[in-house]
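Chains as they are written, first to last, in the working numbering: chain Y, 330 to 641; chain U, 20 to 258.
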Amino acid sequence: MGEAREKEFWLLRVDRRWVYLAVAIALAGPLIFRWAMPPAKIGTAEQFFEVAEKIEGGDGKLVLIAMDWGPGTQAENKPQTEMLIRHLMHRRVKFGVISCYVLAEPFLLNLPKNVAADLNEQYEGTGKTWEYGRDWVNLGYRPGWTIMVQGLAKSEDLHDYFKTDANGTDIGEIECMKNVKTIKDMPALGEFTGLVGAVQVWLQFFNRQEHRPTYLHGCTSISIPEAFIYLDSEQIAALQEGVAGAAYYGQLMTEKYVEKGLGKEPEKASSAAVAMTSLSVAHFVIIFFIAIGNFGVLWPRIRRRLGGGTAS
Amino acid sequence: MDGWLRAEIIAGGIATIAIYSFLWKENPFYRFFEHLFIGMGVGIGIVVTVRNFMWPKGIKPILCGAGLMEPGPRESYGAAYVLYLIPLMMGFLYYAIYSKRYRWMARIVIGFSLGMGGGLAFKGFFSEYLPQIIKSFKPLVVWQAGGGLDWMESFNNVVLFFTLTCVMSYFFFSFDHELPVIKQASASGRWLMMVSFGAFFGATVMARMALLVERLQFLIEDWAPAALPWLAHSGGGGG
């Protein structure tokens with residue numbers, strides 16, 4: 330066995346850890362040197378932005394954001410969710426965050442809070458403020474998946490269904506929930522997940538015969554091909570594709586809401602661009618390794634055919 | 020930086036490095052943090068489920084309904100809430116599976132769960148797949164509003180039709196695949212599926228890289244300045 334390996338072409342004997350190291354360096358380089366390229370135009374992100382622009386807001390309306398993700402997929406789902414939250418906050422559309430995934434709990438609390446703090450800082454002195462209860466509500470982690478979602482859709486009194494928010498405050502006392510009674514008061518659902526089957530549960534059960542909310546979905550890169558089925562069949566109105574979709578959506582947000590002098594440019598936009606640049610460099614490295622890996626397999630055969638004997 | 024926050028960041032960085040140390044080789048450092056993550060995940064799950072669901076939606080209404088506890092200022096629970104004990108006790112029947120003598124009791128509640136799951140799956144199937152089936156019936160020739168042929172849309176629909184029929188023919192096992200038409204169609208179906216798996220694999224690579232970028236961003240921008248302040252002061256660390 331060892332002797333057979335020794336006769337292999339040297340490219341086939343390269344320790345896999347060198348490949349890991351090369352990928353790590355390719356990813357870390359742009360992060361260390363803050364090298365950022367503008368994100369590529371993504372049609373679905375544009376569509377997502379346009380759909381989010383048209384969501385009906387106002388008193389008695391609440392957009393539901395299902396954050397069915399945790400630390401495992403926060404790299405992609407967190408910026409996606411953050412962009413929608415930022416967008417809704419800019420547009421003064423009230424929203425509630427909820428999750429069927431237990432590890433999402435800290436993000437349900439912190440993500441909207443951090444975006445609000447960021448906006449409050451940006452718009453300091455303009456009289457514009459964002460605060461919990463008035464602009465958003467944390468409905469917390471709700472176990473039960475299908476049962477929970479179906480119960481939520483069928484409930485005739487969401488105050489009785491939820492009873493309290495994640496902090497234990499009575500739902501009736503929360504300003505943005507005061508006139509929200511049933512699913513019919515929820516014009517849209519933003520569902521962000523990296524879990525298998527999560528978006529399907531919401532698509533299947535979060536609707537009624539007389540009301541079907543506009544579905545916006547953010548998925549991890551791994552499930553993009555599957556998510557396109559729902560977009561193509563118009564079961565979802567808009568899709569954010571992985572971190573790339575979030576980066577371009579962020580750029581559209583900046584163009585619409587920041588560059589017009591409505592506020593200072595958020596520092597985080599450049600972080601997303603740096604991360605995307607890192608990914609692009611790493612993809613080049615991976616393509617390079619795929620090419621030389623294939624070369625490593627094919628070259629000894631080519632040499633044998635040409636009569637060059639064994640390769641070493 | 021707040022002391023607790025700094026400790027949190029440093030611990031997070033050590034945990035990240037420990038998990039990635041598996042890439043070098045299997046080691047006790049990795050194994051310890053892997054078990055720690057699983058244990059913490061389960062622990063958080065139990066605490067949050069009891070706090071957010073079991074207590075406010077199950078135990079508290081029963082206690083208030085039975086008059087053993089005072090409800091909150093805007094809450095009201097009638098005596099009927101004591102009936103919640105019935106589904107609660109039924110749920111507990113699941114644990115009878117551990118007893119040889121009472122195992123039959125667990126079958127009752129498993130039967131209920133299976134029936135409920137079947138019913139929900141039935142509804143779920145129709146609300147998820149029917150729209151997809153309906154949308155797969157597309158015209159092969161699409162005309163623009165002005166009257167001209169929409170070449171791109173027509174081409175897309177032809178590709179969809181071809182792919183759909185070829186892939187479906189691959190999975191038809193009720194007739195002979197040696198028939199030339201079926202053989203060619205199912206072979207094309209296999210190739211088209213390979214293309215689709217390639218797209219899936221590419222997406223998988225991108226997803227894994229995105230997760231790694233987030234961790235590297237954390238290590239470079241948050242962890243390094245917190246754990247190695249001398250490095251950040253000397254201009255390294257990037258953040």
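All C-beta atoms, glycine included, are put in the ideal place defined by N, C-alpha and C.
Can you give me the start and stop residues for the beta strand (DSSP E) that residue i sits inside?
| i | result |
| --- | --- |
| Y/M396 | V392 to D397 |
| Y/C548 | T543 to C548 |
| Y/W459 | That residue, Y/W459, is in no beta strand (DSSP E); it is neither H nor E in DSSP. |
| Y/T522 | A517 to T522 |
Please determine, among the options, the residue with the shortest C-alpha to C-alpha distance to residue i.
| i | options | result |
| --- | --- | --- |
| Y/E434 | Y/A357, Y/A369, Y/N467 and Y/V478 | Y/N467 |
| Y/P554 | U/S207, U/L231 and U/G221 | U/G221 |
| Y/L356 | Y/G636, Y/T606 and Y/A495 | Y/T606 |
| Y/V642 | Y/R633, Y/T475 and Y/R463 | Only positions 330 to 641 of chain Y appear in this structure, which leaves residue 642 of chain Y out of reach. |
| Y/G297 | Y/I371, Y/P367, Y/A517 and Y/T493 | The displayed coordinates of chain Y run from 330 to 641. Any statement about residue 297 of chain Y would go beyond what the structure contains. |
| U/V67 | Y/A369, Y/T549, Y/N496 and Y/E563 | Y/N496 |
| Y/Y490 | U/N71, U/Y49, U/L82 and U/I153 | U/N71 |
| U/S173 | U/M124, U/P158, U/W242 and U/G84 | U/P158 |
| Y/W364 | Y/T511, Y/A601, Y/D344 and Y/G399 | Y/A601 |
| U/K44 | Y/D344, Y/G358, Y/F618 and Y/A351 | Y/D344 |
| Y/A351 | Y/F534, Y/I500, Y/I616 and Y/R633 | Y/I616 |
| Y/L440 | Y/E453, Y/G454, Y/E460 and Y/M506 | Y/E460 |
Can you list, in chain order, the residues of its chain with a C-beta nearer than 6 Å to that of residue i? Leave out the 5 residues immediately preceding and following it.
| i | result |
| --- | --- |
| Y/V525 | none |
| Y/M515 | L391, L393 and P542 |
| Y/L635 | none |
| Y/D397 | S428, C429, Y430, T522, L524 and A527 |
| Y/E405 | T549, G571 and V572 |
| Y/G519 | I394, L413 and L545 |
| Y/F424 | V392, I394, L417 and W465 |
| Y/A598 | Here the model assigns Y/A598 a pLDDT of 49, short of 50, so the residue's position is not dependable and the matter cannot be decided. |
Within a Cβ cutoff of 8 Å, which residues of the same chain sit near residue i, ignoring the five residues on either side of it in sequence?
| i | result |
| --- | --- |
| U/R234 | T35 and Y39 |
| U/F131 | M109 |
| Y/L340 | I621, G622, F624, G625 and W628 |
| Y/S609 | M366 |
| Y/N536 | A482, I512 and P542 |
Can you pull the chain U neighbours of residue i, defined as C-beta to C-beta under 9 Å?
| i | result |
| --- | --- |
| Y/S484 | Within chain U, no residue comes near Y/S484; the closest Cβ sits about 13 Å away, beyond 9 Å. |
| Y/R633 | Here the premise fails: no neighbours, minimum Cβ distance about 27 Å. |
| Y/G571 | A222, M225, A226 and A229 |
| Y/G579 | Going along chain U, no residue has its Cβ under 9 Å from Y/G579, so there is no contact; the nearest lies around 15 Å. |
How would you list, in chain order, the residues of chain Y whose beta-carbon sits under 7 Å from the beta-carbon of residue i?
| i | result |
| --- | --- |
| U/S188 | By Cβ distance, chain Y contributes nothing, its closest Cβ being about 20 Å from U/S188, past 7 Å. |
| U/P75 | K492 and T493 |
| U/L235 | L356, A357 and L360 |
| U/L139 | T475 |
| U/F219 | P554 |
Please list the partners that residue i has in chain U, where partner means a Cβ-to-Cβ separation under 7 Å.
| i | result |
| --- | --- |
| Y/G550 | A small fix is needed here, since residue 550 of chain Y is Ser in this sequence, not Gly. Near Y/S550 (Cβ distances below 7 Å), the residues of chain U are A222, M225, A226 and A229. |
| Y/P472 | T68 and F72 |
| Y/G615 | In the sequence under discussion, the amino acid at residue 615 of chain Y is Ile, which differs from the Gly named in the question. Those within 7 Å of Y/I615 in chain U are V224. |
| Y/S607 | V232 |
| Y/G501 | R93 |
| Y/L568 | Here the premise fails: no neighbours, minimum Cβ distance about 13 Å. |
| Y/I553 | A222 |
Can you give me the Cβ contacts of residue i inside the same chain, cut-off strictly under 7 Å, excluding the 5 residues immediately before and after it?
| i | result |
| --- | --- |
| Y/L360 | V603 and S607 |
| Y/H419 | Y586 |
| U/A125 | L112, Y113, A115 and I116 |
If the cut is a Cβ gap below 8 Å, which residues of chain U does residue i touch?
| i | result |
| --- | --- |
| Y/E382 | Within 8 Å Cβ-Cβ: nothing; Y/E382 doesn't reach chain U, min ~24 Å. |
| Y/G372 | By Cβ distance, chain U contributes nothing, its closest Cβ being about 13 Å from Y/G372, past 8 Å. |
| Y/I558 | Q151 |
Provide the residue span of the alpha helix (DSSP H) that contains residue i, from first to last.
| i | result |
| --- | --- |
| Y/L581 | G571 to M582 |
| U/A229 | P199 to Q236 |
| Y/Q529 | A527 to F534 |
| Y/H488 | L487 to F491 |
| U/N176 | W170 to Y189 |
| Y/Q376 | G372 to K383 |
| Y/F557 | I553 to D561 |
| Y/R345 | R345 to F362 |
| U/A243 | A243 to A246 |
Output, in chain order, the set of chain Y residues within a Cβ distance shorter than 8 Å of residue i.
| i | result |
| --- | --- |
| U/I63 | V431, L432 and E434 |
| U/W43 | R346 |
| U/E147 | Q529, L532, Q533 and Q564 |
| U/F173 | At residue 173 of chain U the sequence reads Ser, which differs from the Phe that was named. None at all; the shortest Cβ gap to chain Y is about 16 Å. |
*Completely contained alpha helix (DSSP H) runs for the segment 62–136 of chain U, where each covers 4 or more residues*: 79–84 and 104–111
*Quick one: complete beta strand (DSSP E) runs, 3+ long, within the segment 419–476 of chain Y?*
424–428 and 465–470
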